[in-house]
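> Numbering (the working numbering), first residue to last: 95 to 314. Beta carbons: idealized from backbone N, C-alpha and C, even for Gly.
#1: In the DSSP assignment, the beta strand (DSSP E) including residue 96 goes from what residue to what residue?
#2: Need the endpoints of the alpha helix (DSSP H) that residue 184 sits in, please.
#3: With distances taken from CA atoms, which of 287, 280 and 247 is nearest residue 268?
#4: From the DSSP output, read off the bridge partner residues of residue 130.
#5: Tell whether a beta-carbon distance below 7 angstroms holds between residue 214 and residue 183.
#6: Shortest alpha-carbon distance to residue 275 belongs to which of 220, 133, 142 and 164?
#7: Going by C-alpha distance, which of 142, 156 and 157 is nearest residue 150?
#8: I believe residue 161 touches residue 189 by the beta-carbon criterion, under 8 angstroms. Please report the beta-carbon distance rounded to the nearest angstrom.
#9: What residue ranges within the stretch 263-309 form continuous beta strand (DSSP E) runs of no fewer than 3 residues, ordered along the chain?
#10: Taking the CB atoms as reference points, tell me whether residue 126 and residue 146 lie closer together than 7 angstroms.
#11: What first and last residue would you give for the alpha helix (DSSP H) that runs through residue 219?
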């Protein structure tokens, strides 16, 4: 298994400079990671630097709270695609899920799926650290019903990151038809492999280089 091809090499911190982003892009090229995941303001730069490279450009939508309106999330998606995004990781409306407004949650996801219009892969961040088991299952079911491509554990900016138990539950819920992305708190190869064995098809981490080097990294 080529673990590098399961990694979304990530830099989403607010204080990331252009030099920081360019370094992550160069690392992704060197290690042939599946993608770089950057904030929307850096998508055009990543797209330019990764032209003709086997590395996708991923960005985030409604990040990190998921509390934007669906219309704003849809516009963010269209803008990201225009700037060169191949994949978008959107945050669900967590408050609506907690309120059991399931139709609103599904429509919110579908707004992004429709905005992507087969031009970008859509991953749905459900923020497992804020959800109980029943809510994790429901969020995954709604993402699947809305036509998303992946479910994703975490933003990395809340109270916790990916867990083996949650990844396994998410995989059991969505079945083999969807991807599952584990993100947040994955710092070394052993942790990454645990997630893959639990059912993760993609790993979101800022420690991609450390994972490939067999060491332990820091950050997202």
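The relevant details are as follows:
#1: Your numbering for residue 96 matches position 2 in the chain shown. Unbroken run through residue 96: none, as it is neither H nor E.
#2: For this step, residue 184 is matched to residue 90 along the chain shown. That residue, residue 184, is in no alpha helix (DSSP H); its beta strand (DSSP E) goes 181-185.
#3: As a working mapping, residue 268 is identified with position 174 in the chain shown. Of the listed residues, the one whose Cα sits closest to residue 268 is 247.
#4: Taking the first residue of the chain shown as 1, we reach residue 130 at position 36. Looking at the DSSP output, residue 130 sits in a beta bridge with 103 and 151.
#5: Taking the chain shown and counting its residues from 1, the one referred to as residue 214 is at position 120. Taking the chain shown and counting its residues from 1, the one referred to as residue 183 is at position 89. No, they are not a contact pair.
#6: As a first step, residue 275 is located in the chain shown; it is residue number 181 there, counting from the start. When each option's Cα is compared against that of residue 275, the closest is 220.
#7: Walking along the chain shown from the start, residue 150 turns up at place 56. Considering only alpha carbons, the answer is 142.
#8: Position 67 of the chain shown, counting from 1, holds the residue named residue 161. Position 95 of the chain shown, counting from 1, holds the residue named residue 189. Yes, they are in contact, since the Cβ atoms of residue 161 and residue 189 sit about 7 angstroms apart, within 8 angstroms.
#9: The stretch 263-309 contains these whole beta strand (DSSP E) runs: 273-277 and 296-299.
#10: Residue numbering aside, residue 126 sits at position 32 when the chain shown is read from its first letter. Residue numbering aside, residue 146 sits at position 52 when the chain shown is read from its first letter. Cβ distance not < 7 angstroms, so residue 126 and residue 146 don't count as in contact.
#11: By 1-based counting over the chain shown, the position of residue 219 is 125. Judged by DSSP secondary structure, residue 219 falls outside any alpha helix (DSSP H) and instead within the beta strand (DSSP E) spanning 215-219.
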